[in-house]
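Trainee: One structure, pasted below without further comment.
Residue numbers (our numbering), protein chains in the order written: chain A, 847 to 1298; chain B, 847 to 1298.
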């Protein structure tokens, strides 16, 4: 049994927990971070390819406007590299394949106009959602009373335009638009800097990768915390008695004045709390499910598509893989195509055999990039719903009705228990950047509470 | 440490768990039921009034068409009594109070016609939802892609008509219509025998009470199981190793060939499973929240409203109490008004002080029944979201998108782990009757598995 007594216990050594611990340490507080896995990083995770080089099976991209994560990258001595973005992109709609350059596929001008007006509507409405209190948006009740799917059917008039927004929802939320509250979707759009930012490579949230893999951000940050991190200790219960909080995990008992729980809401809700958490908090965690995504990569001896003038980026409405990127490591030596199974496709193929899944994904790569894609050297996949200590990616979302009735519980501390995690972020909610700022916000809460 | 070795372990001694255990025992299997609380009954719970007599702070009504629960009531030697249903009902809309007799308030004929046509639409669509597979309904995708609120705005044309359906959703689901999938709502309507059945006293789901309280159904059923029930042992983990399942709770270790988990989905999802449950099952339990209801009763020296020719039943659109019943025990001696805080009102007033909540509820009783309601002898309340081993009532619901993507996981066994609970019932889902049939269905699964 490892025991500790510190000012603060942090639960979870993902970016949010690490950020909280670093902020508290910098302010002179003693901290221990209790982590379920035998590694840090949470939803950031590297994979060494058989042919050499590293790819990420978890989060990987950062955008130029993501202030906090970029500050960390610089401070921790890591290097950014541009996401491969040269050549023509592939676009497939109902089996018809085309290639295009720039951000917009060559489609019917009527569809383009339809998408443009709907996108403008979304951005305009998103601009009216206060990031610190989305439930105070002028039409919060109406927007939270409908699914994003209902909104898509109203604001987009063409079939192809609607399919574009469905694809966008799947790519951004790893959920189907019918699962999402329109209000939550608008909040998330604004939190991520608007529609264009969220879906773009150049200038957007997919612009940069990290040399060696994005998980190195967590690993380097963890190094600055030294032996303050206890691995392999899933937290099972949190007891508050007077001024003391006791966090009990497998083989660990950590006492402190405050605890910061830096987990996705659905996992925070599975811990046993004594005293019990208020019903409102518990009901919130019942209502914030994780998205559904399987990240798949096929490894080839070279990025052969580049010689055909193709970027390796592809978008298709048929699926099961609807979004593809060239994910070749900056160290070269191989070629890697990255495809996402998202929403329903993640759930359906998640129940299939690994062979069926591989075949379904590779078939998509062949459709986009030709027969050379048929025989990868290696196939890498990670289904985040199967991960005991995540249970879904990219992040949690809110179904209709949750934000307006229970939204304020997301960040409200329960006594000496504070809540972090990218789901609690106002800016870049769902991203690494939001994870870091959420940890720093929770640390600031604890620091403020201690001076009372 | 209490240890056991039986054919089957049942987790949870609510009606579903008791039904499973009784069916298995009747078939000659050895069973142990592991229950978190120090009582049986789950969402059924009695309260002894200070002035004498018993009321239920949990489920209480049964309807004449609920075959399984009525069979139990007869078999267990309990007596039904009619819900008090004589006199005029009260109706309040936007502060205007009226009284009426029979099922329909005196409102504008335009509103009546609007409600009638919308109700007919709902019943017609509900009739097309297959109870064993709602995701196969002809328009499943469209119905699961929208909230019940979106449907209400479309099918009801008058403001008052829409408010009526919102009130109905709150009363039936203890949730706001904006939280509910239309497909789930239609399934639930059909499961409960149609709109009229669900909301009616005479001939409907509120027709009968049980002398001594509905919790006696669970208590009598438990007596037939003798010492097979282990109380005070919250189950924390379930491990499957070859042909053996080990259920570990606080102070209990129970081994068996199969386990039936008879808990609401959100609580089933908090148990630790080894091997891990599939991602699809886990993601389902992330997506089935419990409703929000506080059951409140004011006790008077007599049912004074009866002398004014009033039934004690009231409906109002203003709230916070929107639905009221005369809940005087059949043993008499006092008068009891029962009011429900549901959906948003349960969440808002759930965070208020007990005094504020009492005042808000009693004010509603005064509005409906006059100043004599102002000073109850006793005020009884139970907020089910605050109950550690329920975390919300009446039952779980599905937000949009859940039924069509993960619905089949609700009853699908995971190896030797089977799922019961009223949420898994096809008929009278959400009711006592559904709880019993769900336990019997899970028991039948286990019996069938053993003969393989």
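Glycine included, C-beta positions come from ideal geometry on N, C-alpha and C.
None of the values given here were measured: they were computed from a predicted structure.
State the Cα-Cα distance for the pair residue 1028(A) and residue 1291(A), rounded to the nearest angstrom.
Mentor: Distance between the alpha carbons of residue 1028(A) and residue 1291(A): 30 Å.
Trainee: Identify every residue that forms a DSSP beta bridge with residue 1265(B).
Mentor: Partner(s): 1107(B).
Trainee: Go ahead and pull the three-state DSSP assignment for residue 1298(A).
Mentor: With a pLDDT of 46 at residue 1298(A), under the threshold of 50, the modelled position of that residue is not reliable, and the figure given next carries that caveat. Looking at residue 1298(A) - three-state DSSP - the assignment turns out to be coil, as it is neither helix nor strand.
Trainee: Taking CB distances under 7 Å as the criterion, tell me whether residue 1025(A) reaches chain D.
Mentor: In the structure shown, chain D cannot be found, because the protein chains are A and B.
Trainee: Does residue 1126(B) come out as helix, strand or coil in the three-state DSSP assignment?
Mentor: Residue state, collapsed to three classes: helix.
Trainee: Is it buried or exposed, residue 1112(B), if we count other Cβ atoms within 10 angstroms and call 16 or more buried?
Mentor: When all chains shown are included, residue 1112(B) counts as buried.
Trainee: I'd like to know whether the C-beta of residue 923(A) is nearer than 7 Å to at least one C-beta of chain B.
Mentor: No, its Cβ sits nowhere closer than 7 Å to a Cβ of chain B.
Trainee: Below 6 Å CB to CB, which residues in the same chain sit around residue 1192(B) once its five sequence neighbours on both sides are set aside?
Mentor: Taken in chain order, the residues that qualify are 1138, 1139 and 1140.
Trainee: Could you give the uninterrupted runs of the alpha helix (DSSP H) lying entirely in the stretch 1030-1105 of chain B, keeping only those of 4 residues or more?
Mentor: Runs found: 1041-1045 and 1061-1069.
Trainee: How would you write the range of the alpha helix (DSSP H) that residue 850(A) sits in, first residue to last?
Mentor: Premise fails: residue 850(A) lies in the beta strand (DSSP E), 848-851, not in any alpha helix (DSSP H).
Trainee: Look at residue 1074(A) and residue 1118(A) and say whether their C-beta atoms are less than 7 Å apart.
Mentor: Contact flag unset, no.
Trainee: May I have the straight-line CA-CA distance separating residue 1294(B) from residue 888(A), to the nearest angstrom?
Mentor: In a straight line, the C-alpha of residue 1294(B) is about 41 Å away from that of residue 888(A).
Trainee: What are the start and end residues of the beta strand (DSSP E) that includes residue 1142(B)?
Mentor: First-last of the beta strand (DSSP E) with residue 1142(B): 1139-1146.
Trainee: Candidates 1169(B), 1180(B), 1003(B) and 1076(B): which alpha carbon is nearest residue 1097(B)'s?
Mentor: Selected option, being the one with the closest Cα: 1076(B).
Trainee: Under 9 Å Cβ-Cβ, which residues of chain B neighbour residue 1121(A)?
Mentor: Within chain B, no residue comes near residue 1121(A); the closest Cβ sits about 10 Å away, beyond 9 Å.
Trainee: Could you work out which residues of chain A lie near residue 1135(B), taking near to mean beta carbons separated by less than 8 Å?
Mentor: Those are 1129, 1132 and 1133, listed as they occur along chain A.
Trainee: Residue 1298(A) CB to nearest chain B CB: under 7 Å?
Mentor: In this prediction, residue 1298(A) has a pLDDT of 46, which is less than 50 and means its spatial position is unreliable; what the coordinates show is noted afterwards. No, residue 1298(A) lies away from the interface with chain B (no Cβ there is under 7 Å from its Cβ).
Trainee: Would you kindly report the start and end of the unbroken beta strand (DSSP E) that includes residue 944(A)?
Mentor: Note, residue 944(A): beta strand (DSSP E), 942-946.
Trainee: Would you call the stretch 851-865 of chain B and the stretch 1087-1105 of chain B touching, i.e. three or more CB-CB distances under 8 Å?
Mentor: At 8 Å Cβ cutoff, the stretches touch.
Trainee: Counting only beta-carbon separations shorter than 7 Å, does residue 1163(A) have a partner in chain B?
Mentor: No, no contact with chain B.
Trainee: Just the Cα atoms here: how many angstroms apart are residue 981(B) and residue 1208(B)?
Mentor: Answer to the nearest angstrom: the Cα atoms are 43 Å apart.
Trainee: Tell me whether residue 1207(A) sits in a helix, a strand or coil according to DSSP, three-state version.
Mentor: Reduced to three states, the DSSP call for residue 1207(A) is helix.
Trainee: Residue 1189(A): which of 850(A), 873(A) and 1019(A) sits nearest, CA to CA?
Mentor: Ranking the options by Cα distance to residue 1189(A), first place goes to 1019(A).
Trainee: If you scan the stretch 1159-1239 of chain A from start to end, which runs of the beta strand (DSSP E) of 3 or more residues do you find wholly inside it?
Mentor: DSSP runs (the beta strand (DSSP E)) wholly in the stretch 1159-1239 of chain A: 1169-1172, 1181-1188 and 1224-1229.
Trainee: When the Cα atoms are used, what is the spatial distance from residue 1215(B) to residue 951(B)?
Mentor: Straight-line Cα distance between these residues: approximately 16 Å.
Trainee: For residue 1057(A), is the beta carbon positioned less than 6 Å from some heavy atom of the ligand FMN?
Mentor: Within the structure as shown, the ligand FMN is missing, as the structure has no ligands at all.
Trainee: Could you pull the start and end residues of the alpha helix (DSSP H) that residue 926(A) belongs to?
Mentor: First-last for residue 926(A): 926-928, but that is the beta strand (DSSP E), not the alpha helix (DSSP H).
Trainee: So the beta strand (DSSP E) residue 1019(A) belongs to, where does it begin and stop?
Mentor: Premise fails: residue 1019(A) lies in the alpha helix (DSSP H), 1005-1019, not in any beta strand (DSSP E).
Trainee: Using 7 Å as the limit for Cβ to Cβ distance, is residue 1022(A) near chain B?
Mentor: At least one chain B Cβ lies under 7 Å of residue 1022(A).
Trainee: By Cβ distance, which residues of its chain are closer than 7 Å to residue 867(B), with the 5 residues on each side in sequence left out?
Mentor: Cβ within range, chain order: 856, 877, 879, 1071 and 1074.
Trainee: Measuring only the C-alpha atoms, how far is residue 1211(B) from residue 1218(B)?
Mentor: Cα to Cα, the separation comes out at about 9 Å.
Trainee: Using a threshold of 7 Å, state whether the C-beta atoms of residue 874(B) and residue 890(B) are closer than that.
Mentor: Cβ atoms of residue 874(B) and residue 890(B): not closer than 7 Å.
Trainee: When you compare the stretch 938-945 of chain A with the stretch 1156-1171 of chain A, are there three or more beta-carbon pairs, one atom per stretch, that lie closer than 8 Å?
Mentor: The stretch 938-945 of chain A, when compared against the stretch 1156-1171 of chain A, does touch it at the 8 Å Cβ threshold.
Trainee: Here's the rule: buried if 16 or more other CB atoms are within 10 angstroms of the residue's CB, otherwise exposed. What is residue 1182(A)?
Mentor: The residue is buried, with at least 16 neighbouring Cβ atoms inside 10 Å.
Trainee: Looking only at its own chain, which residues have a Cβ that is under 7 Å from the Cβ of residue 956(A), when we skip the five neighbours before and after it?
Mentor: For residue 956(A), where only same-chain residues beyond five positions count, the Cβ hits under 7 Å are 1004.
Trainee: Return no unless some Cβ of chain A is closer than 7 Å to the Cβ of residue 876(B).
Mentor: No, because no Cβ of chain A sits closer than 7 Å to the Cβ of residue 876(B).
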